[in-house]
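Data block below; observations after.
Numbering (the numbering used here), first residue to last: 1 to 397.
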């Protein structure tokens, strides 16, 4: 805003200087007007061009503005108060109000008004009335008040902006914390929590067999081995979860999704005894996938297989993955009983079934589209995940 004041003063000097020089008397008056115009114009140009550099200096030293007022007075005396150049004097109290507040505006507006009154009083060739003589001093006072008010408005706006920025920062932190809590909840739900639930069920079965009237040692041994295997798997999943979360911060550690998906399908089939087959599709190779994205894709596929085993009573699970056009497509299909008609994510969330909800959230977090339903099959459930290949080259938080 201060820069604009100097810009206005430059424009006024450029417009009025030729006429002022032509109207000045020959000899010394013409030279005085020319010198005053050059000095005032150059000073205004320097401050207009490098306000960031010289503005703090002007803020710390009000005497510099007083010196500028002196040169402006020289210009006013040389050209006369009845020329257009006289209106340049209004810029001084306006600038003082912007830079120093109401106290500076009052001092420089009074000083400039006094200079104008003295010029009018000493000019013998002017025959101006009281109204004409009071016009410029009154404008100086008004300009000082305007500058002071503008300064207050700017400061209040800056305080409001700073407060808004602080609120936005707090909201961003809260949102980030909530998102991280939701992410960790999905990770725990899709890995360790389910395995520990299996451990609890196996331990209940072991306790029941051990407390029976006729204990079957072979059955007790089998159930104890199941508890041990489940506990070891929970420990392995915990280590895998921690390792994966650490790898997500390393963008150079890319993942071959197809190889990992085939390994998880084999592990699922061997662990559950449910026939599960993996087959690659598409005509192009899948590019390496960043670890953060790969983890979400693989977890969605694993969760789809686990949901089919626990809830759908299928006879087989088919897993397909490959590049189709500009999409990476992953499909997990089971021939089980399928989802009840009319099922919505909100109903699942209220009922405490967070598996499908977590899959949808994971897909959205990497920019993928997920479809859950029968698809083109007459029965069962297909979870189809489609991710644009462009997303694999886009860094994500």
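From the three backbone atoms N, C-alpha and C, an ideal C-beta is built for every residue, glycine too.
Since we're looking at a predicted model, the values are computed, not measured.
Residue i lies in the alpha helix (DSSP H); which residues open and close that run?
{"i": "residue 292", "result": "291–307"}
{"i": "residue 56", "result": "51–60"}
{"i": "residue 363", "result": "355–365"}
{"i": "residue 262", "result": "257–272"}
Near residue i, what residues of its chain come up, given a Cβ to Cβ distance below 6 Å and the 5 sequence neighbours on each side ignored?
{"i": "residue 112", "result": "89, 92, 93 and 140"}
{"i": "residue 477", "result": "Residue 477 falls outside the range modelled here, since the chain spans only 1 to 397, and no answer is possible."}
{"i": "residue 144", "result": "93, 97, 105 and 109"}
{"i": "residue 320", "result": "279, 281 and 331"}
{"i": "residue 294", "result": "255 and 257"}
{"i": "residue 367", "result": "391"}
{"i": "residue 204", "result": "none"}
{"i": "residue 268", "result": "276 and 305"}
{"i": "residue 210", "result": "220"}
{"i": "residue 397", "result": "At residue 397 the pLDDT is 41, less than 50, meaning the model places this residue with poor confidence; the figure from the coordinates comes in the next sentence. Once the five neighbours on either side are set aside, residue 397 has no close Cβ partner at all."}
Terminal residues of the continuous beta strand (DSSP E) containing residue i?
{"i": "residue 382", "result": "381–388"}
{"i": "residue 405", "result": "Look at the range of the chain in this structure, 1 to 397, and you will see that residue 405 is not part of it."}
{"i": "residue 282", "result": "276–282"}
{"i": "residue 369", "result": "369–373"}
{"i": "residue 329", "result": "327–334"}
Can you give the beta carbon distance from residue i to residue j, rounded, assuming they're within the 8 Å contact cut?
{"i": "residue 13", "j": "residue 41", "result": "5 Å"}
{"i": "residue 286", "j": "residue 322", "result": "7 Å"}
{"i": "residue 196", "j": "residue 234", "result": "5 Å"}
{"i": "residue 298", "j": "residue 261", "result": "6 Å"}
{"i": "residue 296", "j": "residue 365", "result": "6 Å"}
{"i": "residue 337", "j": "residue 312", "result": "5 Å"}
{"i": "residue 231", "j": "residue 199", "result": "6 Å"}
{"i": "residue 405", "j": "residue 37", "result": "Residue 405 lies beyond the stretch modelled for the chain, which goes from 1 to 397, so this question has no answer here."}
{"i": "residue 335", "j": "residue 379", "result": "6 Å"}
{"i": "residue 304", "j": "residue 215", "result": "Contact doesn't hold; Cβ gap of about 39 Å is too wide."}
{"i": "residue 413", "j": "residue 309", "result": "For residue 413 there is no data in the structure shown, the boundaries of the chain being 1 and 397."}
{"i": "residue 5", "j": "residue 95", "result": "5 Å"}
{"i": "residue 57", "j": "residue 64", "result": "7 Å"}
Short of 7 Å in beta carbon distance, which residues of its chain neighbour residue i, apart from the five on each side in sequence? Order them along the chain.
{"i": "residue 206", "result": "220, 223, 224 and 227"}
{"i": "residue 217", "result": "none"}
{"i": "residue 284", "result": "323"}
{"i": "residue 101", "result": "148 and 151"}
{"i": "residue 377", "result": "333"}
{"i": "residue 3", "result": "48 and 51"}
{"i": "residue 146", "result": "94 and 97"}
{"i": "residue 8", "result": "91"}
{"i": "residue 55", "result": "2"}
Kindly list the residues whose CB is nearer than 8 Å to the CB of residue i, restricted to its own chain and excluding five residues on each side of it in sequence; keep chain order.
{"i": "residue 10", "result": "41, 44, 45 and 48"}
{"i": "residue 1", "result": "98, 150 and 154"}
{"i": "residue 270", "result": "none"}
Cβ of residue i less than 8 Å from any chain B Cβ?
{"i": "residue 226", "result": "Looking at the structure shown, chain B is missing, and only one protein chain is on hand."}
For a test of your reading of the model: does the CB of residue i fall under 7 Å from any non-hydrogen atom of the ligand GDP? Yes or no.
{"i": "residue 285", "result": "This structure simply doesn't include the ligand GDP, nor any ligand for that matter."}
Assess, as a yes-or-no matter, whether the region 328–337 is touched by the region 373–391 under the definition of 3 or more beta carbon pairs within less than 8 Å.
Contact annotation: the region 373–391 touches the region 328–337, with at least three C-beta pairs closer than 8 Å.
Restricting to runs no shorter than 3 residues, where is the beta strand (DSSP E) found entirely within the region 193–236?
Under the rule that a run must span 3 or more residues, no beta strand (DSSP E) segment is found entirely inside the region 193–236.
Would you call the region 363–380 and the region 336–343 in contact, with 3 or more CB pairs under 8 Å?
Short answer: they touch.
Taking only runs of the alpha helix (DSSP H) that begin and end inside the region 134–160, which ones reach a length of at least 4 residues, in chain order?
For the region 134–160, not a single whole alpha helix (DSSP H) run of length 4 or above is found.
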